[in-house]
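See below for the structure under consideration.
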Amino acid sequence: MNHGNMALTSHDRIRRSRLYVPGNQPEKILKAKNYSPDCIILDLEDAIPFMDKEKARVIVRNALRVVDFQGIERMVRINSSDIGLKDLEYIIPQNVHVVLVPKVESADQIKKIEITINEIKTACGREDDIFIIPIIESARGVLNALKIAESSPNIIGLTIGLEDYTLDLGVRRTKAGDESFFARSMILHAAKAVGIQALDSVHVNFTDEKSLRKSVRKSIALGFVGIGCIHPNQIIPIHEEFFPSKKEILNAKAIIQGFDLALENGKGVFEHHGKMIDVPTVDKARNIIKLANVYRSMDD
Ligand code: COA
Ligand code: MG
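At position 229 of the sequence shown the residue is numbered 501 (the numbering used here), and the sequence of numbers has no breaks.
Structure below.
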């Protein structure tokens, strides 16, 4: 195995961008790391026609063995149902970091996947954590979001597949996204309630940067900490949108300084530009500065 492939991952690492790469296209798999997404998803599910499933498994297994993804998190989206259990045999022994499980509707589905992961881990002597991200893609899945999020300590995030979800609802997927607001809010709250990451769906129109940026801003405003990508063009705009604006950074610094001054004067609350500032606002300001520093260190 290539030494670079032994890089580990961690529960809460930054996952702003997850680039999907079809598992049957080795040329795209080889290029994926050059675009510096935070995570690479080698896809065995919907990007792969049924007759190519076995070929894709072999390519993905070999890619995990020999391609140096240079520390980028290595994810694989398996198939739903028993085909997915077979996919696990190919990927679990190859230092996959995160298994994305599509079309999850119940906690039992995750438990079944986890049993198989553990059996393969034991058989191949793998001892590190293998994380799971359930993809919720139906009304039933949305209504069970909390139970799904709680179904395993290895779940590090929850995401939604909006194409399948809107198919299930029998509605159009619109730019405004009103049709998925409830579902995305449910997923977000379920994720926050169990302390894992809420990760948003992909933006399928990869030639429209303006609408991508607008939808990313909306996702961030709702509380999502990551967005799915289907094309390399989407990665830089997503990272840029996650980076706090100059105005936000200046404002956050002023709030932190103002609070320190208020404390020196024995006050826990003070006025800043006509607004009341107390502990939660100061904590939010600290988070902005912390995130800006983390993102800067990643993108430098
Ligand atoms: N991963 C890695 N590289 C990719 C890529 C991806 N997802 N999508 C495009 N590229 C590369 C292309 O190979 C091309 O490289 P080159 O300039 O060195 O030749 C470059 O980026 C520009 O690609 P472009 O010609 O604009 O796109 P395309 O016509 O090759 O592909 C898609 C368009 C949508 C088919 C392709 O982006 C894709 O397959 N995306 C992933 C789809 C997927 O996995 N869907 C399932 C999950 S929702
Ligand atoms: Mg889907």
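C-beta: ideal position from N, C-alpha, C; glycine also.
Report yes if the CB atom of residue i is closer than 8 Å to the CB atom of residue j, and no otherwise.
| i | j | result |
| --- | --- | --- |
| Gly429 | Ile468 | yes |
| Pro509 | Glu481 | yes |
| Ala455 | Ile432 | yes |
| Val376 | Pro406 | yes |
| Gly500 | Val474 | yes |
| Leu314 | Val338 | no |
| Ala462 | Ile521 | no |
| Ser574 | Ala379 | For the chain, the structure presents residues 273 to 572; residue 574 sits outside this window and is missing. |
| Ala328 | Gly295 | yes |
| Val385 | Ile404 | The question names Val, but residue 385 is Ile in the sequence shown. Yes. Within cutoff. |
| Ile240 | Val476 | The requested residue 240 does not occur in the structure, where the chain is confined to residues 273 to 572. |
| Ile364 | Lys325 | no |
| Ser457 | Thr438 | no |
| Leu434 | Arg444 | no |
Run through the DSSP bridge pairs and tell me what residue i is partnered with.
| i | result |
| --- | --- |
| Gly498 | Leu471 |
| Pro552 | Partner(s): none; Pro552 has no beta bridge. |
| Leu291 | Ile312, Cys501 |
| Pro406 | Val373 |
| His544 | Lys547 |
| Ile432 | Ile408 |
| Val348 | Leu314, Val371 |
| Ile364 | Looking at the DSSP assignment, Ile364 forms no beta bridge with any residue, so it has no partner. |
| Ile427 | Ile404 |
Going by C-alpha to C-alpha distance, which of the options sits closest to residue i?
| i | options | result |
| --- | --- | --- |
| Asp550 | Arg349, Lys562, Gly530 | Gly530 |
| Gly397 | Phe403, Ile286, Gln366 | Gln366 |
| Gly276 | Glu326, Ile320, Gln342, Leu302 | Gln342 |
| Met278 | Tyr292, Arg346, Glu326, Ala465 | Arg346 |
| Ala395 | Leu484, Glu361, Ala465 | Glu361 |
| Asp310 | Ala421, Ile507, Asp380 | Ile507 |
| Asp261 | His544, Lys547, Asp359, Gly498 | Residue 261 lies beyond the residue range present for the chain, which begins at 273 and ends at 572; the question has no answer from this structure. |
| Asn334 | Arg568, Pro298, Glu536 | Pro298 |
| Phe514 | Ser353, Glu317, Arg288, Tyr292 | Arg288 |
| His545 | Asn523, Leu441, Thr479 | Asn523 |
| Ile320 | Asp340, Leu336, Ile344, Ser352 | Ser352 |
| Lys486 | Asp572, Lys562, Gly449 | Gly449 |
Mind checking which residues open and close the beta strand (DSSP E) that includes residue i?
| i | result |
| --- | --- |
| Ile528 | No beta strand (DSSP E) holds Ile528; the alpha helix (DSSP H) holding it covers 518-536. |
| Val579 | Nothing in the structure corresponds to residue 579, since the chain is present only between 273 and 572. |
May I ask which residues mark the beginning and end of the alpha helix (DSSP H) holding residue i?
| i | result |
| --- | --- |
| Met458 | 453-466 |
| Thr479 | That residue, Thr479, is in no alpha helix (DSSP H); it is neither H nor E in DSSP. |
| Phe514 | 507-514 |
| Asn390 | 379-396 |
| Lys539 | Neither: Lys539 is in no alpha helix (DSSP H) and is coded neither H nor E. |
| Lys305 | Unbroken run through Lys305: none, as it is neither H nor E. |
| Lys419 | 417-421 |
Q.
With three or more C-beta pairs closer than 8 Å as the rule, is the region 388-399 touching the region 364-380?
A. Cβ pair count under 8 Å is three or more, so yes.
(Q) Can you confirm whether the region 304-315 touches the region 481-497 when touching is taken to mean that 3 or more C-beta pairs between the two stretches lie within less than 8 Å? (A) Two segments are said to touch when three or more pairs of C-beta atoms, one from each, lie closer than 8 Å; by this definition the region 481-497 does not touch the region 304-315.
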